[in-house]
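Protein chains in written order, with this note's numbering: chain C, 456 to 595; chain X, 438 to 572.
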């Protein structure tokens with residue numbers, strides 16, 4: 456039986472990771488753990504980009520900036536490029552902020568307090584799910 | 438702890454000396470322009486800090502501290518608006534990733550002395566626009 460090429464295996468593995476990250480984001484949302492939802496939304500976004508890079512049989516860069524630029528290079532002329540970039544620009548700072556109790560926006564950014572609005576977390580998750588689906592469609 | 442004097446953007450750029458930072462420099466200057474357009478006279482200060490401000494060629498993202506005159510709504514909404522109107526388009530144009538902090542002037546004053554990250558900003562800061570809130 457022919458073995459699935461390694462890059463294809465890697466793309467599928469990253470896709471599974473992206474969906475697991477979304478599932479974790481959803482579970483945490485249901486439990487009111489909104490900062491965790493934000494954290495996993497970012498990682499779902501990053502994982503699906505990695506899947507798309509592997510799908511083109513390319514090495515996945517380790518550094519964030521290089522990874523997202525490699526995705527852009529491999530998929531030029533995306534009809535949802537602006538939406539992609541806006542979500543990246545929004546999720547990227549939130550990734551770190553969901554982990555540390557810094558101070559920001561005039562309050563201690565205890566992440567459990569900073570991202571305590573269900574509507575905000577729901578909205579972020581919905582937009583991330585849409586983006587993951589759009590990028591996954593590129594792999595078909 | 439002694440207060441370091443903020444470095445100016447022009448002097449910092451001269452000090453970089455080679456082409457490794459060209460893309461970052463262009464992106465930072467474009468960011469300042471876009472923020473001026475977005476906030477108008479409400480924009481009081483923009484500062485660069487973090488690994489790039491330390492001249493680290495291996496930087497991954499560009500850290501900015503943005504100070505505006507007044508609070509403009511909930512944090513989530515402010516972040517989303519800035520991502521959509523400024524930092525998303527900048528990523529498409531320049532390929533650079535930004536990690537930004539946004540405060541009103543009042544918020545920043547209230548927080549000085551409390552936030553460990555501010556110690557890092559105070560040490561490395563480069564004023565890109567407006568006044569230096571740490572002076």
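Just so you know, even glycine gets a beta-carbon here, dropped at the ideal spot from N, CA and C.
Using a Cβ cut-off of 8 Å, which residues of the segment 519-537 of chain C contact any Cβ in chain X, in chain order?
Here the close residues are 519, 520, 523, 524, 527, 536 and 537.
From which residue to which residue does the alpha helix (DSSP H) around residue 486 (chain C) run?
Your numbering for residue 486 (chain C) matches position 31 in the first chain. Here residue 486 (chain C) belongs to no alpha helix (DSSP H), and DSSP marks it neither H nor E.
Please go through the same chain and pick out, in chain order, the residues whose beta-carbon is closer than 7 Å to the beta-carbon of residue 483 (chain X), but skip the five residues on each side of it.
For the purposes of this step, residue 483 (chain X) is taken as the residue at position 46 of the second chain. Contacts found: 469, 472, 501, 503, 565, 566 and 567.
Within 9 Å of any Cβ in chain X, is that where the Cβ of residue 460 (chain C) sits?
For the purposes of this step, residue 460 (chain C) is identified with residue 5 of the first chain, where counting begins at 1. False, the Cβ-Cβ gap to chain X never drops below 9 Å.
So which residues of chain C does residue 488 (chain X) contact, with C-beta pairs closer than 8 Å?
Counting from one through the second chain, the residue named residue 488 (chain X) turns up at place 51. In chain order: nothing, as chain C lies at least about 12 Å away.
List the whole-angstrom C-beta distance separating residue 542 (chain C) from residue 582 (chain C), where the pair is believed to meet the contact cut-off of C-beta under 8 Å.
For this step, residue 542 (chain C) is matched to residue 87 along the first chain. For this step, residue 582 (chain C) is matched to residue 127 along the first chain. Sure, about 6 Å apart at Cβ, within 8 Å.
Could you say if the segment 503-515 of chain X and the segment 556-565 of chain X meet the contact criterion of at least three C-beta pairs nearer than 8 Å?
Too few Cβ pairs lie closer than 8 Å, so no.
Mind listing the chain X neighbours of residue 497 (chain C)? Cutoff is C-beta to C-beta under 7 Å, in chain order.
Within the first chain, the letter at position 42 stands for residue 497 (chain C). Those within 7 Å of residue 497 (chain C) in chain X number zero; the least Cβ separation is about 12 Å.
Which value, in whole angstroms, describes the spacing of the CA atoms of residue 526 (chain X) and residue 461 (chain X)?
Within the second chain, numbered from 1, the residue matching residue 526 (chain X) stands at position 89. Within the second chain, numbered from 1, the residue matching residue 461 (chain X) stands at position 24. Between residue 526 (chain X) and residue 461 (chain X), the C-alpha separation is close to 15 Å.
Would residue 492 (chain X) pass as an interface residue toward chain B - the criterion being a Cβ-Cβ separation below 9 Å?
Absent here is chain B; the protein component of the structure consists of chains C and X.
Any beta-carbon of chain X closer than 9 Å to the one on residue 560 (chain C)?
What you label residue 560 (chain C) is simply residue 105 of the first chain in a count that begins at 1. In this prediction, residue 560 (chain C) has a pLDDT of 45, which is less than 50 and means its spatial position is unreliable; nothing more can be read from the coordinates.
Roughly how many whole angstroms lie between the Cα atoms of residue 481 (chain C) and residue 572 (chain C)?
Within the first chain, numbered from 1, the residue matching residue 481 (chain C) stands at position 26. Within the first chain, numbered from 1, the residue matching residue 572 (chain C) stands at position 117. Distance between the alpha carbons of residue 481 (chain C) and residue 572 (chain C) is about 14 Å.
Give the interface partners of residue 470 (chain C) over in chain X, defined as CB-CB distance under 9 Å, in chain order.
Against the first chain, residue 470 (chain C) aligns to sequence position 15. Here the premise fails: no neighbours, minimum Cβ distance about 23 Å.
Are residue 534 (chain X) and residue 526 (chain C) closer than 9 Å when you measure CB to CB?
As a first step, residue 534 (chain X) must be located in the second chain, where it is residue number 97. As a first step, residue 526 (chain C) must be located in the first chain, where it is residue number 71. Not in contact: residue 534 (chain X) and residue 526 (chain C) (Cβ atoms no closer than 9 Å).
Assuming residue 520 (chain C) and residue 497 (chain X) make a contact with CB atoms under 8 Å, what is their CB distance in whole Å?
The sequence position of residue 520 (chain C) within the first chain is 65, counting from 1. The sequence position of residue 497 (chain X) within the second chain is 60, counting from 1. The pair is a contact, with the Cβ atoms about 5 Å apart (cut-off 8 Å).
Between which two residues does the alpha helix (DSSP H) harbouring residue 465 (chain X) extend?
Here the question's residue 465 (chain X) lines up with position 28 in the second chain. From DSSP, the alpha helix (DSSP H) with residue 465 (chain X) extends over 459-476.
So, is residue 487 (chain X) buried or exposed, given that buried needs 16 or more other C-beta atoms within 10 angstroms?
For the purposes of this step, residue 487 (chain X) is identified with residue 50 of the second chain, where counting begins at 1. By the 10 Å Cβ count, residue 487 (chain X) comes out buried.
The ligand MN and residue 463 (chain X): does the residue's C-beta get closer than 8 Å to at least one heavy atom of that ligand?
As for the ligand MN, it is missing from this structure, which has no ligand bound.
Rounded to a whole number of angstroms, what is the C-alpha to C-alpha distance between residue 506 (chain C) and residue 530 (chain C)?
Residue mapping note: residue 506 (chain C) aligns to position 51 of the first chain, counting from 1. Residue mapping note: residue 530 (chain C) aligns to position 75 of the first chain, counting from 1. Using only the alpha carbons, I get a separation of about 12 Å.
Given that residue 467 (chain C) touches chain X, what residues does it touch there, using C-beta distances under 9 Å?
Position 12 of the first chain, counted from the start, is the residue given in the question as residue 467 (chain C). The contacting residues do not exist; residue 467 (chain C) stays about 27 Å from chain X at best.
For residue 535 (chain X), which residues in chain C fall below 9 Å Cβ to Cβ?
By one-based count along the second chain, residue 535 (chain X) stands at place 98. Chain C residues near residue 535 (chain X): 544, 547 and 548.
With 9 Å set as the bound, which would you pick, yes or no: does the beta-carbon of residue 480 (chain C) sit closer than that to a beta-carbon of chain X?
As a position in the first chain, residue 480 (chain C) is number 25, starting the count at 1. Not closer than 9 Å to any Cβ of chain X, the Cβ of residue 480 (chain C) fails to qualify, so no.
List the residues of chain X that residue 572 (chain C) touches, going by C-beta distances under 8 Å, in chain order.
The residue given as residue 572 (chain C) occupies position 117 in the first chain. The contacting residues are 511 and 513.
Would you decide whether residue 535 (chain C) is buried or exposed? Buried here means 16 or more other CB atoms lie within 10 Å of its CB.
The residue given as residue 535 (chain C) occupies position 80 in the first chain. Label assigned to residue 535 (chain C): exposed.
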